[in-house]
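Structure record follows, encoded as structure tokens.
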Amino acid sequence: MQNILDKKALLEILLDSWSLRSSSKWTLNNPARGQCGVTALVIHDLIGGRIVKTHIGEGWHFYNDIDNQRYDFTESQFSKTIIYEDLLSNREEALLDTNQEQYEYLHQRVIEQLKMRQRIDERKSDPSE
1 MQNILDKKAL
11 LEILLDSWSL
21 RSSSKWTLNN
31 PARGQCGVTA
41 LVIHDLIGGR
51 IVKTHIGEGW
61 HFYNDIDNQR
71 YDFTESQFSK
81 TIIYEDLLSN
91 REEALLDTNQ
101 EQYEYLHQRV
111 IEQLKMRQRI
121 DERKSDPSE
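Just so we're aligned, residue 1 is where the sequence shown starts under this note's numbering, counting upward by one.
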């Protein structure tokens with residue numbers, strides 16, 4: 001399977017996975033909207049690292065820190081540049097930004113997408129095909 005830390009590939013998988021089932025704020029024009037907490041949880045499941053947050057407007061924006069590198073897959077939901085605070089958070093706090101059903105849905109969809117891409121990669125590398 002390709003490197004799971006490939007930001008571009010992970011973002012493509014997330015874009016294919018986000019929907020109204022992963023956030024009630026999702027729209028076709030802004031698919032990352034409302035996806036920060038649930039996405040930070042799923043990325044934490046897959047890769048580890050830390051869940052961090054930044055105060056934006058009236059709430060918190062969640063994302064990941066992996067090996068001291070920021071991974072914010074939902075920054076596109078905002079029209080203004082984010083001034084990151086990188087405050088340490090945790091799974092419990094990020095889950096308050098979503099719910100168990102949305103989390104389980106996104107987790108399952110991302111795993112399905114990863115497995116599908118792995119099968120495609122394996123077929124491409126199989127010389128008998």
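Ideal placement from N, C-alpha and C gives every residue a C-beta, glycine not left out. Here the structure is a predicted model, which is why all the values come from computation and not from measurement.
The beta carbon of Tyr84 sits closer than 7 Å to those of Thr54 and Arg70, all from its chain and outside the five residues before and after it, given in chain order.
Assigned with DSSP and collapsed to three states, Tyr84 falls in coil, not helix or strand. If you draw a straight line from the Cα of Leu11 to the Cα of Glu93, it comes to about 23 Å.
Counting of Cβ neighbours within 10 angstroms places Asn64 among the buried residues, the total reaching 16 or more. Between Ile56 and Phe78, the C-beta gap is smaller than 8 Å, which places the two residues in contact. Rounded to the nearest whole angstrom, the C-alpha separation of Trp60 and Lys124 is 42 Å.
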